[in-house]
Amino acid sequence: MHQLSIVLCVAVVAIASASYYPQQHPVPTPRPTPRPTPRPTIIDECTCSLEKGTYCTAVPSDGCRSFTERTAFLPAKTKRCPYGLQFDVQVCDCVSPRDTVCPRYCPAPHVQHAVAGRSCSQNGNTYRQIPGTHCHKFTQETATLPPQVHSCPYGLKFDLKTCVCNYPKDTICYN
């Protein structure tokens, strides 16, 4: 009997002390908001862009297992998709072949027509100052892509000697 009263006392103490602790409710953890997937800009049947100044062109001669990437001021790079994937211009990424739209033929690069005004060339890109902008804006084009307009960072001007935005004191501005 003595043991039973000890067990009952311990049980009463345990129940009484448990009632003094506030109940803890599980706090739901917020789920991170998914980042929106950027939509590609389709330039033509062979070329797309996910961000301004970077263009990707499919290489259909190898079944779109590779693509050429062109970025301002950098030489063009041919990149291979991971094994088993193909480059799809519609999504501007390497995807499963069953989801790929690979052009059968990409036209030859367009021929640059002589344009009035001075220019400089670097890494397969041609640059021109835009008249009337005091050299704050310039165009960049390649043999396969039309001119794209770019602006120099504040306080700089586009320099045809170096083919980059430069300090005004070091820049020759023709317009």
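Under the numbering used here, the first residue of the sequence shown carries the number 10, and numbering increases by one thereafter. In this text, a Cβ means the ideal position worked out from N, Cα and C, and glycines have one as well. Quick caveat: nothing in here was measured; it's all calculated off a predicted structure.
Check	Outcome
Given Tyr136 as reference, the closest of Tyr163, Ser70, Asp179, Asp168 once Cα atoms are compared	Asp168
Supposed contact pair Lys61 and Phe76 - C-beta distance, whole angstroms, cut 8 Å	That pair is no contact at about 18 Å.
Counterpart residues of Ala67 in DSSP-defined beta bridges	Phe76
Coarse secondary structure for Arg137, derived from DSSP in three states	strand
Cβ pair Pro49, Val100 closer than 8 Å	yes
Beta-carbon separation (whole angstroms), Thr151 vs Gly133, contact threshold 8 Å	6 Å
Beta-carbon proximity check, Cys172 vs His143, cutoff 8 Å	no
Presumed contact (8 Å Cβ cut-off) between Ala67 and Pro112, rounded CB distance	6 Å
Close-in-space but distant-in-sequence residues of the same chain around His145 (CB under 7 Å, 5 per side omitted)	Ser160, Cys161, Lys166
Lys170 classed as buried or exposed, judged by whether at least 16 other C-beta atoms fall within 10 angstroms	exposed
Where Val98 falls, given that 16 or more other Cβ within 10 Å makes a residue buried	buried
Cβ-heavy atom distance, Cys101 to the ligand GTP, below 7 Å	In terms of ligand content, the structure shown is empty, and the ligand GTP therefore cannot be addressed.
Assigned exposure category for Tyr114 - 16 Cβ within 10 Å defines buried	exposed
Of the residues Thr63, Pro69, Pro91, Leu94, the one placed nearest Pro84, counting alpha carbons only	Thr63
Cβ neighbour criterion (16 or more within 10 Å) applied to Pro69	buried
Rounded straight-line distance, which links the Cα of Val158 to that of Ala123	Reliability fails at Ala123, whose pLDDT of 39 lies under 50, so the model's placement of it is uncertain and the value that follows must be treated cautiously. When rounded, the distance between both Cα atoms is 18 Å.
Burial state of Ala117, where buried means 16 or more other Cβ atoms lie within 10 Å	A caution first: Ala117 carries a pLDDT of 47, below 50, which makes its placement in the model unreliable, though a value can still be read off. The residue in question, Ala117, is exposed, as its Cβ has fewer than 16 Cβ neighbours within 10 Å.
The beta strand (DSSP E) enclosing Thr87, as first and last residue numbers	86-89
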